[in-house]
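Numbering (the numbering used here), first residue to last: 253 to 440.
From the three backbone atoms N, C-alpha and C, an ideal C-beta is built for every residue, glycine too.
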Amino acid sequence: MMQNVYKVCPQFENENYLLRLISQEDCADLLKVYSDKQSVPFFNSDNCNGDDFYYTTTERMKQAIEFWIFSYDNGYFVRWSIIDKRTNEVIGTIELFHRDSEDYFHNCGLLRLDLRSDYERESEIEDILSLILLPTYDLFYCDKVVTKAVPEAKKRIKALEKVGFILPKEHMLTADGTVLENYYVLHR
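Given below as structure tokens:
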């Protein structure tokens, strides 16, 4: 039986990367990610109350991390820091949560991947995703993993397709019926 991800957050690692629960100690490195103008267009801010995840001050970054920790403590979502073991730097985050809905994207693990722009490369994305995709099904009690990739994120899309994601004809819908596009799906 898989542990409750909101009680004990597992870590995942391979030769190059470590994923672990976010902490305030990650602030300086994460500010480099969230102040990176080339990265921001690739971040998924759907249903985030207008937050575009472009942070330019330490104070704003600390507030975001504080909210992410609060959200974890309350079982809303998990946000892992992605550490490059070669440089010992936090180079991004992965957020995951279980999503139930009335649309095609029901019973999914919704994954948000935020990377510093110099890591927005096909091989790096594949390497990072390889750590978390398989455990997602059990950790978030879902039968598919869903993630957004805007058309301009060509390297990300290639990496997603390489590991088995497809772009379905269906669009994600919010609770009020708003259509959200560019969501890729990986079935178990």
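query                                                                                                                                                                      : result
One question on the structure: do Ile377 and Trp332 come within less than 8 Å of each other, judged by their Cβ atoms?                                                     : no
Could you check the C-alpha separation between Asp325 and Arg408 for me, to the nearest Å?                                                                                 : 30 Å
Would a C-beta distance cut-off of 8 Å place Ile343 and Leu381 closer than the cut-off?                                                                                    : no
With DSSP collapsed to three states, give me the class of Thr399.                                                                                                          : strand
In terms of residue numbering, what span does the alpha helix (DSSP H) encompassing Cys279 cover?                                                                          : 279–286
Is it buried or exposed for Gly361, if we count other Cβ within 10 angstroms and need 16 for buried?                                                                       : buried
Considering Glu311, what are the terminal residues of the alpha helix (DSSP H) in which it resides?                                                                        : 310–325
Could you check where the alpha helix (DSSP H) with Ile377 kicks off and where it finishes?                                                                                : 374–391
Taking 8 Å as the threshold, find out whether the region 343–353 comes into contact with the region 310–319 through three or more Cβ pairs.                                : no
Within the same chain, show all residues whose beta-carbon is closer than 8 Å to that of Pro262, passing over the 5 residues directly before and after it, in chain order. : Gln255, Pro387, Leu391
State the beta-bridge partners of Cys360 as determined by DSSP.                                                                                                            : Arg351, Lys396
Could you pull out every residue in the same chain whose Cβ sits closer than 6 Å to the Cβ of Leu365, ignoring the five residues on either side in sequence?               : Ile346
Can you tell me where the alpha helix (DSSP H) holding Leu412 begins and where it ends?                                                                                    : 406–414
Using a Cβ-Cβ cut-off of 6 Å (strictly less than) and excluding sequence neighbours within five positions of Leu432, which residues of its own chain qualify?              : Asp298, Met424
Do Asn268 and Asp355 come within 8 Å of each other at the CB atom, strictly closer than that value?                                                                        : no
Quick one: Cα of Arg272 to Cα of Asp370, how far?                                                                                                                          : 21 Å
According to DSSP, simplified to helix, strand and coil, what is Phe264?                                                                                                   : strand
Buried or exposed: which applies to Ala401, given that a residue is buried once 16 or more other Cβ atoms fall within 10 Å of its Cβ?                                      : buried
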